[in-house]
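> Quick one: the structure is below, and I'll ask about it shortly.
Protein chains: 2
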Amino acid sequence: MIKESINQSFTVAYRYQVHFTKALFSIANPVLARFFASHATDIMAKALVVVDDGVVEHHVNLLQEIRAYFESLQGIVLADELMVVNGGEQAKNDHTLVDRIIDAVDRHGIDRHSYVIGIGGGAVLDAVGYAAAISHRGIRHIRIPTTVLSQNDSGIGVKNGINYLGKKNFIGTFSPPFAVFNDFSFLQSLSDRAWRSGISEAVKVALIKDAVFFEWIAEHAGALTNRDADAMEYLVYRCAELHLQHIAGADPFEFGSSRPLDFGHWSAHKLEQLSGFEVMHGEAVAIGIALDSSYSYLMGYLTHADAQRIVQLLQALGLPVFHPLLDAEGTDHPLLIGLDEFREHLGGRLTIMLLQGIGKGMEVHTMDASRVLAAASMLQNDFEVQL
Amino acid sequence: MIKESINQSFTVAYRYQVHFTKALFSIANPVLARFFASHATDIMAKALVVVDDGVVEHHVNLLQEIRAYFESLQGIVLADELMVVNGGEQAKNDHTLVDRIIDAVDRHGIDRHSYVIGIGGGAVLDAVGYAAAISHRGIRHIRIPTTVLSQNDSGIGVKNGINYLGKKNFIGTFSPPFAVFNDFSFLQSLSDRAWRSGISEAVKVALIKDAVFFEWIAEHAGALTNRDADAMEYLVYRCAELHLQHIAGADPFEFGSSRPLDFGHWSAHKLEQLSGFEVMHGEAVAIGIALDSSYSYLMGYLTHADAQRIVQLLQALGLPVFHPLLDAEGTDHPLLIGLDEFREHLGGRLTIMLLQGIGKGMEVHTMDASRVLAAASMLQNDFEVQL
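Here's what the structure looks like:
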């Protein structure tokens, strides 16, 4: 009558739209109004909006525009508090912002059919998304990423997280957003450094997935660094598309060990941390891509010409390929420590994405310490010194 | 070239086994050893074990048995700290226990391929499951429920959570366990009150899903209250089976408003809270079942005979069907306040499960206040007074 065990098995279907638009909160723009209308019920929904202070600083009328836009909508009402919060890594360095949002969810009676809307860079969205994911076991979360990096990478994906004792994304969940609105207008106010730094994630996804996109980036490197809006919009769009395809294709919640989209990231995380986040994520990823491309060459997986092209493209895009913090020697080299930490993070077994060609990734489970250091040396010496 | 939007859509597959056994940590019991062997890799896995102090109190050799059992296993090593934590609702009333577990996850280097194992009642498992779900975006979580209530209901399901400012499960996630081990031996040490109280969830699931199971419970009411182990084991098994079937069947992560398994729960939550959790969850659910059954009769959905049978079965099982805290009048009656809070919790629109027969639930979206109070009166007066 009683079996030894019951096998439970089910699937959960997720669906969300990533919209591409400009001037999202202009009354003339119907994108957001149409979205809310399509989800309207006979119950008034509520929206709690959390905005990165860096965005408010450059868009001084934004809060007013948000209020006016929501006043024009039926079926949804804005919480009477627009939360403006500190942006950058500090947003996710501790539990403070998350606690503030949970408190606001409680005070404003935001329920599972209401919305928590985050507007800002990747760090703010990571913290807001986490707070939304754990409140009432998951409130509808809308992301409005405002940087190149968040529009083409983290902001459209399924992860959130905050740091714990300096450990990046130690706390977080896999929680797909309810919708994403990429508003290209926000990109105009980015500093040159922030504008460029997000391009490295596009180079990354092109290198592991799409040689044609890599060629497109190479052809448009000048336009991109000269802040050509059309070029950047296509870059963001195509990068987002490849990123989304990857997530939908295999293991969206990373139950396995394979994380192709983390190409170039193992060393990037260490460098960001060592620099006290002075090095921007996109810059660290550029260095990480250059390092793993050079390593791929030294291991005989990638031709010298291809590795050199990658490094030269990153340089042409105004991105760094080396950092003085990596100028060290011996077994306590930051890269070797970072590799050990990453191995431990993965539970004892490395899975690292490398390249066997432009547009073609390959996974390995060991890395040769001396060749990692040799790859770093090559980058320090303008790709001239070889093993 | 750039579309207005990209539709992202994917499914995530979940699978876990719920095992039924006795003396799980006896060296002679191969169930857990087989489980770990089937998940072994070339990397040594780690296990962090968190135990409810109420369990340790009644099973004084348990910690020693756990250590000995793990020493007999290959491929997995126990963290050198067995965490014994306060059980009962206090485990989830604030963030303290969750923080302790996150700290231990960090200190012991528990990664996404290692295990956090919770042993205890529903409240401890809710807190441990939540801590596991947010650490590294989800560590493998094994549940070993030790009460009737957790073995047949919360411990085998997909939710976790902690309370926030007295609001039950305000913070939490939907995160299926990696595996569940229901060890019937733990039930023997339960107090009579705890033993009986878990039976109400079985009555609940029988009432909305399975008339045959209801008849079985009615036939075995005497055996169940006399602590017949075989009867209780079948009750736990069949209740778990129906519960699991329901979760797998529709909307496991409750994206919609329908929550059939919450039959009898809207008033139960209020009563638990009002009593300062002096009323046990299962007792409050018994009262909630009696109330909603009586209400179903008063609304003409259920026959008087069926409603009376339900109330009499609960009484025969030694469960309460009324509580003095519900002896009140007027619009500030705790039940009407509770109904309002529940409506707000659902975002403004009620969805309540009622009965249209034994084994047959039906959902409604409004409740008649005067008939709710009349149903309470009936229960107070031994099911004699009617509207």
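Sequence order for the protein chains is A and B.
Going by my numbering, the first residue of the first sequence is number 718, and it counts up by one from there.
Going by my numbering, the first residue of the second sequence is number 718, and it counts up by one from there.
Using N, Cα and C, we set each Cβ at its ideal position, and we do this for glycine too.
Keep in mind it's a predicted model, so treat the numbers as computed, not measured.
According to the Cβ coordinates, are B:R1088 and B:L991 closer than 8 Å?
As a first step, residue 1088 of chain B must be located in the second sequence, where it is residue number 371. As a first step, residue 991 of chain B must be located in the second sequence, where it is residue number 274. Contact flag unset, no.
> Are the C-beta of A:R950 and some C-beta of chain B separated by less than 8 Å?
For the purposes of this step, residue 950 of chain A is identified with residue 233 of the first sequence, where counting begins at 1. First, the amino acid is wrong: residue 950 of chain A is Glu here, not Arg. Yes, contact with chain B.
> Count the other C-beta atoms from every protein chain shown that fall within 10 angstroms of the C-beta of A:Y731, then say buried if there are 16 or more, exposed otherwise.
Within the first sequence, residue 731 of chain A is the residue found at index 14, counting from 1. Buried, since its Cβ has 16 or more Cβ neighbours within 10 Å.
> Give, in chain order, every residue of the segment 952 to 963 of chain B whose Cβ lies closer than 8 Å to some Cβ of chain A.
Y954, A957, E958, L961
> Can you list, in chain order, the stretches of the alpha helix (DSSP H) that have 4 or more residues and sit fully within the segment 879 to 953 of chain A?
909 to 914, 916 to 926, 928 to 936, 938 to 942
> Hey, would you say B:E1000 sits closer than 8 Å to B:S914, going by beta carbons?
Reading the second sequence from its first residue, position 283 is the one you call residue 1000 of chain B. Reading the second sequence from its first residue, position 197 is the one you call residue 914 of chain B. Their beta carbons are under 8 Å apart, which means B:E1000 touches B:S914 by this criterion.
> Residues in the same chain with beta-carbon distance under 7 Å from A:V1102, minus the five sequence neighbours each way, listed in chain order, please.
Working through the first sequence from its first residue, we reach residue 1102 of chain A at position 385. Reliability fails at A:V1102, whose pLDDT of 48 lies under 50, so the model's placement of it is uncertain and no value is given.
> For A:L790, name the three-state secondary structure that DSSP assigns.
The sequence position of residue 790 of chain A within the first sequence is 73, counting from 1. A:L790: coil per DSSP, three-state reduction.
> Kindly indicate which residue of B:G1065, B:A1045, B:P1051 has the alpha-carbon position closest to the one of A:D759.
Residue 759 of chain A sits at position 42 when you count from the first residue of the first sequence. A:D759 has its Cα closest to that of B:G1065, out of B:G1065, B:A1045, B:P1051.
> Using a Cβ-Cβ cut-off of 8 Å (strictly less than) and excluding sequence neighbours within five positions of B:F895, which residues of its own chain qualify?
Looking up residue 895 of chain B in the second sequence gives position 178. In chain order, Y733, Y832, R857, H858, I859 place their CB closer than 8 Å to the CB of B:F895, counting only its own chain and leaving out the 5 sequence neighbours on each side.
> Kindly identify the DSSP beta-bridge partner or partners of B:S743.
To locate residue 743 of chain B, count along the second sequence from 1; it is residue 26. Within the DSSP bridge table, the entry for B:S743 names no partner.
> What did DSSP end up calling A:S984 once you bin it into helix, strand or coil?
Position 267 of the first sequence holds residue 984 of chain A. A:S984: helix per DSSP, three-state reduction.
> So, with DSSP's three-state summary, where would you put A:G1078?
For the purposes of this step, residue 1078 of chain A is identified with residue 361 of the first sequence, where counting begins at 1. Note: A:G1078 maps to strand in three-state DSSP.
> For the candidate residues A:Q725, A:S902, A:L941, A:Y1012, whose alpha-carbon lies nearest to that of A:K739?
In the first sequence, counting from the first residue as 1, residue 739 of chain A sits at position 22. Out of A:Q725, A:S902, A:L941, A:Y1012, A:S902 has the C-alpha closest to the C-alpha of A:K739.
> Please state the DSSP three-state secondary structure of B:P862.
By 1-based counting over the second sequence, the position of residue 862 of chain B is 145. Residue state, collapsed to three classes: strand.
> Are the beta-carbon atoms of B:G846 and B:T863 separated by less than 8 Å?
Residue 846 of chain B sits at position 129 when you count from the first residue of the second sequence. Residue 863 of chain B sits at position 146 when you count from the first residue of the second sequence. Contact flag unset, no.
> Checking the sheet assignment: what are the DSSP bridge partners for B:Y733?
Working through the second sequence from its first residue, we reach residue 733 of chain B at position 16. In DSSP, B:Y733 forms a bridge with A:Q725.
> If we count the other Cβ atoms within 10 Å of its Cβ and call it buried at 16 or more, is B:H1082 buried or exposed?
Taking the first residue of the second sequence as position 1, residue 1082 of chain B is located at position 365. So B:H1082 ends up on the exposed side.
> Go through its chain and collect everything with a Cβ distance to B:T728's Cβ below 7 Å, but skip five positions before and after it.
Walking along the second sequence from the start, residue 728 of chain B turns up at place 11. Here the set comprises nothing.
> Below 8 Å on the Cβ atoms is my guess for A:I925 versus A:F891; work out the distance and round it to an integer in Å.
Counting from 1 along the first sequence, the entry for residue 925 of chain A is found at position 208. Counting from 1 along the first sequence, the entry for residue 891 of chain A is found at position 174. Incorrect: roughly 21 Å between the Cβ atoms, too far for contact.
> Taking Cβ-Cβ distances shorter than 8 Å, what residues in chain B pair up with A:G826?
Along the first sequence, read from residue 1 onward, the residue named residue 826 of chain A stands at position 109. Those within 8 Å of A:G826 in chain B are E1061.
> Below 9 Å on C-beta distance, what does B:D979 contact in chain A?
Indexing the second sequence from 1 puts residue 979 of chain B at position 262. Within chain A, no residue comes near B:D979; the closest Cβ sits about 13 Å away, beyond 9 Å.
> Using a C-beta cutoff of 8 Å, does A:N810 count as contacting chain B?
Position 93 of the first sequence, counted from the start, is the residue given in the question as residue 810 of chain A. No - not a single Cβ of chain B is within 8 Å of the one on A:N810.
> A:A785: which of A:I879, A:A946, A:F742, A:D947 sits nearest, CA to CA?
Counting from 1 along the first sequence, the entry for residue 785 of chain A is found at position 68. Taking only the C-alpha atoms, the option nearest A:A785 is A:F742.
> According to the Cβ coordinates, are A:A844 and A:L882 closer than 8 Å?
By one-based count along the first sequence, residue 844 of chain A stands at place 127. By one-based count along the first sequence, residue 882 of chain A stands at place 165. Taking 8 Å as the Cβ cut-off, A:A844 and A:L882 do not qualify as a contacting pair.
> Tell me whether A:M1070 sits in a helix, a strand or coil according to DSSP, three-state version.
For this step, residue 1070 of chain A is matched to residue 353 along the first sequence. Of the three classes helix, strand and coil, the one that applies to A:M1070 here is strand, per DSSP.
> On the DSSP bridge assignment, give the partners of B:T738 in chain order.
For this step, residue 738 of chain B is matched to residue 21 along the second sequence. B:T738 is bridged to B:D900.
> Return no unless some Cβ of chain A is closer than 8 Å to the Cβ of B:T1020.
In the second sequence, residue 1020 of chain B corresponds to position 303, counting from 1. Chain A contact via Cβ: absent.
> Is it true that the CB of A:Y951 sits closer than 8 Å to the CB of B:M800?
The residue given as residue 800 of chain B occupies position 83 in the second sequence. The residue given as residue 951 of chain A occupies position 234 in the first sequence. Their beta carbons are not under 8 Å apart, which means B:M800 does not touch A:Y951 by this criterion.
> For B:I723, which of A:L1036, A:Q868, A:A938 has the nearest alpha-carbon?
Here residue 723 of chain B refers to the residue found at position 6 when the second sequence is read from its first residue. Residue A:Q868 is the option with its Cα nearest to B:I723.
> Give me the Cβ distance between B:M997 and B:A923, rounded to the nearest whole Å; I'm assuming they're in contact under 8 Å.
In the second sequence, the residue the question calls residue 997 of chain B occupies position 280. In the second sequence, the residue the question calls residue 923 of chain B occupies position 206. At roughly 20 Å, the Cβ-Cβ gap does not stay under 8 Å, so B:M997 and B:A923 are not in contact.
> So is A:H853 in contact with chain B if we call contact Cβ pairs under 8 Å?
Here residue 853 of chain A is taken as the residue at index 136 of the first sequence, counted from 1. Closer than 8 Å to some Cβ of chain B, the Cβ of A:H853 qualifies, so yes.
> Hey, how far is the Cα of A:I888 from the Cα of B:D823?
For the purposes of this step, residue 888 of chain A is taken as residue 171 along the first sequence, with counting starting at 1. For the purposes of this step, residue 823 of chain B is taken as residue 106 along the second sequence, with counting starting at 1. Taking the straight line from one Cα to the other gives about 11 Å.
> According to DSSP, is A:A1091 part of a helix, a strand, or is it coil?
Along the first sequence, read from residue 1 onward, the residue named residue 1091 of chain A stands at position 374. Of the three classes helix, strand and coil, the one that applies to A:A1091 here is helix, per DSSP.
> Assuming A:I964 and A:V875 are in contact, meaning their beta carbons sit under 8 Å apart, how far apart are those beta carbons, in whole angstroms?
By 1-based counting over the first sequence, the position of residue 964 of chain A is 247. By 1-based counting over the first sequence, the position of residue 875 of chain A is 158. Rounded, the Cβ-Cβ distance is 6 Å, consistent with contact.
> Using only CA atoms, which one of A:E774, A:Q1029, A:A757, A:I1054 lies nearest to A:S908?
Taking the first sequence and counting its residues from 1, one reaches residue 908 of chain A at position 191. Ranking the options by Cα distance to A:S908, first place goes to A:E774.
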